[in-house]
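> To start, I am sharing the structure in question, which I have written as structure tokens.
Number of protein chains: 2
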Amino acid sequence: MVMNIKNSRESVNSCSHCNLKKVCFPHGLSADELSTFENSVDKTVKIQKKEKLFSRGDPLTSVYAIKAGSIKTYLSTSKGQSQVLGFHMPGDLLGFDGFADDRHTSNAVAMEDTILCELPMSNFENLCEILPGLRKVMMQQVGGEINRHHSLVLTLGQMQTEERLATFLLRLSCYYQVRGFSCTQFNLPMPRHDLANFLGMAPETLSRMFAKLEKQKVVSIKRREVNILDMDGLLGLSHEICTHAEV
Amino acid sequence: MVMNIKNSRESVNSCSHCNLKKVCFPHGLSADELSTFENSVDKTVKIQKKEKLFSRGDPLTSVYAIKAGSIKTYLSTSKGQSQVLGFHMPGDLLGFDGFADDRHTSNAVAMEDTILCELPMSNFENLCEILPGLRKVMMQQVGGEINRHHSLVLTLGQMQTEERLATFLLRLSCYYQVRGFSCTQFNLPMPRHDLANFLGMAPETLSRMFAKLEKQKVVSIKRREVNILDMDGLLGLSHEICTHAEV
DNA sequence: TATAACGCTTGATATTTATCATGAATGTTT
DNA sequence: AAACATTCATGATAAATATCAAGCGTTATA
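First to last, the sequence lines map onto chains A and B. Per numbering that gives the first Met the number 0, residue 0 is the first one in the first sequence, and the count goes up by one each step. Per numbering that gives the first Met the number 0, residue 0 is the first one in the second sequence, and the count goes up by one each step.
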């Protein structure tokens, strides 16, 4: 729950002029629907680096869309371990983890200063009743999240560490490409520690796998700067989902 | 897509008299809503053991609720590997994997002869418009699926093999308890091979972990018959989500 | 500028888990 | 009942990865 003094809320520029409309809520809403919709997304939330957007147990008050910055979601165990569930960037939606019983089950923290558009749940239910397009968009977004989880489970359950990293880099590359950025040169938005946790390996192992990819001249890495030198080589290291096959 | 000659469809007994109404769609619908709803779930689908309900790439035609039997969902990779995504039992809903772009992204196969209630997507959209309770139930169900995925990611990403198995047994125990069965004695609905794959380990390792749990006198296993001898001991081996903590 | 703290890398070693190989128990077909 | 295929368990070994330890840049702080 956002209660921090550092937060600020202010009125938002319209969705129809947002440069993220192709990947965010507006995608799939008609012009009429969109004007109804954007009147309900009347606030933005700003949070600073390391500040939490919500924590496990907080009541679900809103669904958020990231406008700028990045958010890490994670789970904590009673042993003090944690598992990063995802790194979320502009255009991504947050809050579905609270749908089951109106409380968040995961934690969300800003990886850098971040701006989010807030859709309060009180408006949400009403909007779903009157906007068929929003129901459709919600199903697509939720389905997308489920598919990403499936993919992550496959990665963690079946792949070795090198392949996990290759797969991650390819996904990130795609992610940037869809948003109009270079798919071969980009910055990792997270430190090694978080990425290793997300990929289910020790930070030292991640380091070694980066070194291995560099030695193969598939990518070059300098701190957080990634440069994909051989896309086909990288694809060859990853064996993501089969388009045709049976079990 | 269900096209097999072995399938049969027939009219379904009403949801209001179904013994699964507490865990399935009806949970959350008012009496009025339920009568509208059950007119749209007008068919059951029967599939035999090892028969597929849908495959990756199939158009999303329906959402299914399992009435009897059990279904395994899984992903396949281009290397011929597969990853089991879940074992689904009576009261569970199937088909959310197709929400993102109206095509299934995973595969679903019957682990035994199975009966499902079918809700065609053509009815679904309309029902969502007129039944607020259904929208709420859908959100809860989808949220539940997302939370289960989070939990699975934590299991695969952070836990060692013994803890993965302990956690799985506890979840299964809960599952049966909610449905009115014994939480200490039950049968595993899946072979070792599938369970090992689901838990991201080799079948031999799973076997050894069962043996380890038996030696600790925490559970006894005979083929597929599980008997939890020491629930607290089992809980002690699993460190699922923390109710209080920070990262 | 010095110093500390952090993020990252690399080497040596220990641990965990996979793989390979075998055999027992159970279930199925003839 | 015999022959066969499945399923599962267990031992021996190999491979992958975690852990421990040290060191090196970079960034932050005094």
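Glycine included, C-beta positions come from ideal geometry on N, C-alpha and C. Remember, predicted model here, so these are calculated numbers, not experimental data.
By a C-beta neighbour count over all protein chains shown, 10 Å radius and 16 as the cutoff for buried, is R222 (chain A) buried or exposed?
For this step, residue 222 (chain A) is matched to residue 223 along the first sequence. R222 (chain A) is exposed by the Cβ-count criterion.
> Can you check DSSP and say which residues form a bridge with I129 (chain A)?
Here residue 129 (chain A) is taken as the residue at index 130 of the first sequence, counted from 1. Answer is none; I129 (chain A) lacks a bridge partner.
> Within a Cβ cutoff of 7 Å, which residues of the same chain sit near C14 (chain A), ignoring the five residues on either side of it in sequence?
As a working mapping, residue 14 (chain A) is identified with position 15 in the first sequence. Around C14 (chain A): K20, F24, P25, L33, F36, E37, V40.
> Just the chain A side, please: which residues come within less than 8 Å of G199 (chain B) by C-beta, in chain order?
Counting from one through the second sequence, the residue named residue 199 (chain B) turns up at place 200. Going along chain A in sequence order, the residues near G199 (chain B) (Cβ under 8 Å) are L155, G156, Q157.
> Considering only their Cβ atoms, is the gap separating G85 (chain A) from D57 (chain A) smaller than 9 Å?
Taking the first residue of the first sequence as 1, we reach residue 57 (chain A) at position 58. Taking the first residue of the first sequence as 1, we reach residue 85 (chain A) at position 86. Cβ distance not < 9 Å, so D57 (chain A) and G85 (chain A) don't count as in contact.
> Determine whether the beta carbon atoms of M249 (chain B) and R163 (chain B) lie at a separation below 9 Å.
Here chain B comprises residues numbered 0 to 246, so residue 249 (chain B) is not present and cannot be evaluated.
> Taking the beta strand (DSSP E) that S75 (chain A) falls in, what are its first and last residues?
Here residue 75 (chain A) refers to the residue found at position 76 when the first sequence is read from its first residue. Looking at the DSSP string, the run of the beta strand (DSSP E) that includes S75 (chain A) is 70-75.
> Along the chain, where does the beta strand (DSSP E) containing L118 (chain A) start, and where does it finish?
Here residue 118 (chain A) refers to the residue found at position 119 of the first sequence. Run containing L118 (chain A): 113-119, per the beta strand (DSSP E) assignment.
> What does M138 (chain B) touch in chain A if you count any residue whose Cβ is under 7 Å from its own?
Here residue 138 (chain B) is taken as the residue at index 139 of the second sequence, counted from 1. Per Cβ cutoff of 7 Å: F98.
> My output table needs one value for N18 (chain A): the three-state DSSP class, helix, strand or coil.
Indexing the first sequence from 1 puts residue 18 (chain A) at position 19. N18 (chain A) falls in the coil class under three-state DSSP.
> I'd like the list of long-range same chain contacts for G179 (chain B), defined as Cβ closer than 6 Å, with 5 residues on each side in sequence excluded.
In the second sequence, counting from the first residue as 1, residue 179 (chain B) sits at position 180. The answer is none, since no qualifying residue turns up.
> Using the Cβ count rule (16 or more neighbours within 10 Å means buried), how would you classify V177 (chain B)?
One-based indexing of the second sequence puts residue 177 (chain B) at position 178. It is exposed - the Cβ of V177 (chain B) has fewer than 16 other Cβ atoms within 10 Å.
> Pick out whichever of A:S69, A:G142, A:Q184 has its Cα sitting closest to the Cα of F95 (chain A).
Start at 1 with the first residue of the first sequence, and residue 95 (chain A) comes out as number 96. F95 (chain A) has its Cα closest to that of A:G142, out of A:S69, A:G142, A:Q184.
> Let me check one thing: in DSSP terms, what residues is G143 (chain A) bridge-paired to?
In the first sequence, residue 143 (chain A) corresponds to position 144, counting from 1. In the DSSP output, where bridge partners are listed per residue, G143 (chain A) has none listed.
> Within the 9 Å Cβ cut-off, does T104 (chain A) reach chain B?
Residue mapping note: residue 104 (chain A) aligns to position 105 of the first sequence, counting from 1. It does: the Cβ of T104 (chain A) has a partner Cβ on chain B nearer than 9 Å.
> Go ahead and pull the three-state DSSP assignment for F86 (chain B).
The residue labelled residue 86 (chain B) in the question sits at position 87 within the second sequence. Of the three classes helix, strand and coil, the one that applies to F86 (chain B) here is strand, per DSSP.
> Considering just the uninterrupted stretch of the beta strand (DSSP E) at C203 (chain A), what are its terminal residues?
The residue you call residue 203 (chain A) lines up with position 204 of the first sequence. For clarity, residue 203 (chain A) is Glu in the given sequence; the question names Cys instead. No beta strand (DSSP E) contains E203 (chain A), which is instead part of the alpha helix (DSSP H) from 202-214.
> Go to F185 (chain A), then tell me how far its alpha helix (DSSP H) extends in each direction, as first and last residue.
Walking along the first sequence from the start, residue 185 (chain A) turns up at place 186. F185 (chain A) -> not in any alpha helix (DSSP H); beta strand (DSSP E) instead, spanning 184-186.
> For F113 (chain A) versus R55 (chain A), is the C-beta spacing smaller than 9 Å?
Here residue 113 (chain A) is taken as the residue at index 114 of the first sequence, counted from 1. Here residue 55 (chain A) is taken as the residue at index 56 of the first sequence, counted from 1. Residue identity check: residue 113 (chain A) is Thr in the sequence provided, not Phe. No, the Cβ-Cβ distance between T113 (chain A) and R55 (chain A) is not below 9 Å.
> Quick one: what's got a C-beta closer than 8 Å to V246 (chain A)'s C-beta in the same chain, skipping five residues either side?
The residue labelled residue 246 (chain A) in the question sits at position 247 within the first sequence. Any reading at V246 (chain A) must be qualified, since the residue scores a pLDDT of 29, below 50, and its modelled position is unreliable; the value itself is stated next. Closer than 8 Å at Cβ, skipping near neighbours: no residue.
> Taking buried to mean at least 16 other C-beta atoms within 10 Å of its own C-beta, is Q159 (chain B) buried or exposed?
As a position in the second sequence, residue 159 (chain B) is number 160, starting the count at 1. Counting Cβ neighbours within 10 Å, Q159 (chain B) comes out exposed, since fewer than 16 surround it.
> Are the stretch 60-67 of chain A and the stretch 117-126 of chain A in contact at 8 Å, needing three or more beta carbon pairs?
Yes, they touch.
> DSSP three-state label for E239 (chain B), please.
Translated into positions along the second sequence, residue 239 (chain B) becomes position 240. Coil.
> With C-beta atoms as the reference, is Q157 (chain A) less than 9 Å away from Q82 (chain B)?
In the first sequence, counting from the first residue as 1, residue 157 (chain A) sits at position 158. In the second sequence, counting from the first residue as 1, residue 82 (chain B) sits at position 83. Yes, the pair counts as a contact, with Cβ atoms nearer than the cut-off.
> At the 9 Å Cβ level, is N122 (chain A) part of the contact set with chain B, yes or no?
Within the first sequence, the letter at position 123 stands for residue 122 (chain A). N122 (chain A) does not count as touching chain B.
> For the stretch 208-218 of chain A and the stretch 126-137 of chain A, state whether three or more C-beta atom pairs, one from each stretch, are separated by less than 8 Å.
No: fewer than three Cβ pairs fall under 8 Å.
> Would you mind stating whether T183 (chain B) and T166 (chain B) have Cβ atoms separated by less than 9 Å?
One-based indexing of the second sequence puts residue 183 (chain B) at position 184. One-based indexing of the second sequence puts residue 166 (chain B) at position 167. Not in contact: T183 (chain B) and T166 (chain B) (Cβ atoms no closer than 9 Å).
> What is the rounded straight-line gap between the Cα of M230 (chain A) and the Cα of E144 (chain B)?
Mapped onto the first sequence, residue 230 (chain A) falls at position 231. Mapped onto the second sequence, residue 144 (chain B) falls at position 145. If you take the alpha carbons of M230 (chain A) and E144 (chain B), they lie about 34 Å apart.
> Could you tell me whether the Cβ atoms of L198 (chain B) and L187 (chain B) are closer together than 9 Å?
Here residue 198 (chain B) is taken as the residue at index 199 of the second sequence, counted from 1. Here residue 187 (chain B) is taken as the residue at index 188 of the second sequence, counted from 1. Cβ distance not < 9 Å, so L198 (chain B) and L187 (chain B) don't count as in contact.
> Quick one, are the C-beta atoms of L115 (chain A) and L93 (chain A) less than 9 Å apart?
By one-based count along the first sequence, residue 115 (chain A) stands at place 116. By one-based count along the first sequence, residue 93 (chain A) stands at place 94. In this structure, L93 (chain A) lies closer than 9 Å to L115 (chain A) by Cβ.
> Would you mind telling me which residues of chain A sit closer than 7 Å to C127 (chain B), beta carbon to beta carbon, in chain order?
For the purposes of this step, residue 127 (chain B) is taken as residue 128 along the second sequence, with counting starting at 1. Those within 7 Å of C127 (chain B) in chain A are R134.
> Excluding sequence positions up to five away, which residues of its chain have a Cβ less than 6 Å from the Cβ of N196 (chain A)?
Reading the first sequence from its first residue, position 197 is the one you call residue 196 (chain A). V83, listed in sequence order.
> Can you tell me where the alpha helix (DSSP H) holding L162 (chain A) begins and where it ends?
Along the first sequence, read from residue 1 onward, the residue named residue 162 (chain A) stands at position 163. According to the sequence provided, residue 162 (chain A) is Glu. The question's Leu does not apply to it. Note, E162 (chain A): alpha helix (DSSP H), 160-177.
> Can you pull out the residues from the stretch 209-239 of chain B whose beta carbon lies closer than 7 Å to at least one beta carbon of chain A?
Those residues of the stretch 209-239 of chain B that come within reach of chain A (Cβ to Cβ, closer than 7 Å) are H238, E239.
> In chain order, what residues of the same chain have a beta carbon less than 7 Å from the beta carbon of L228 (chain A), not counting five sequence neighbours either side?
By 1-based counting over the first sequence, the position of residue 228 (chain A) is 229. Within the same chain, L228 (chain A) has close Cβ partners K216, V217, V218, S219.
> Give the single residue among A:K48, A:S29, A:M110, A:K66 whose Cα lies nearest to the Cα of K42 (chain A).
Mapped onto the first sequence, residue 42 (chain A) falls at position 43. Answer by Cα proximity: A:K66.
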